[in-house]
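First comes the structure, then the notes that go with it.
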Amino acid sequence: MSDATLEQWSQELGAALGVVLDDALVDDVLDLARDTAHEVARPAAPVTAYLVGLAVGGGQARADALDTVRRVIGERSRPADRPAQVDVSD
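Our numbering puts the sequence shown at residues 22 to 111.
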């Protein structure tokens, strides 16, 4: 799918659903789908996007919902005997 086709479809469907789209939203969804497909399973990508949409529609901030998905994916891909790394650079 070309970028123009994706943009046209996203805008058309967004308008039909009464949803305002911005480039960052589309990029976030594509990143979410890519990460989920590669780290979990390809069929999990649309389900994950749908669940994030439900969470955001229910009032959760988009950034928080995306962070939750990244965290859960990270926990799944980290061996159980290796603790999570903590960033202490701040």
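C-beta atoms are modelled at their ideal positions from N, C-alpha and C, and glycine is treated no differently.
The structure presented is a predicted model; accordingly, all values stated were derived computationally and were not measured.
**Message:** Measuring only the C-alpha atoms, how far is residue 94 from residue 81?
**Reply:** Going by the C-alpha atoms only, they are around 19 Å apart.
**Message:** Could you tell me the alpha carbon to alpha carbon distance between residue 26 and residue 88, rounded to whole angstroms?
**Reply:** 28 Å
**Asked** Which of the three DSSP states, helix, strand or coil, is assigned to residue 24?
**Response** Three-state DSSP puts residue 24 in a helix.
**Prompt:** Is residue 63 helix, strand or coil by DSSP?
**Reply:** coil
**Prompt:** Quick one: Cα of residue 58 to Cα of residue 84, how far?
**Reply:** 19 Å
**Message:** Let me check understanding here. Comparing Cα to Cα, which of 77, 78, 53 and 76 lies closest to residue 66?
**Reply:** 53
**Request:** Drop a sphere of 10 angstroms on the beta-carbon of residue 50, count the other beta-carbons inside from all chains shown, and report buried for 16 or more, exposed for fewer.
**Result:** buried
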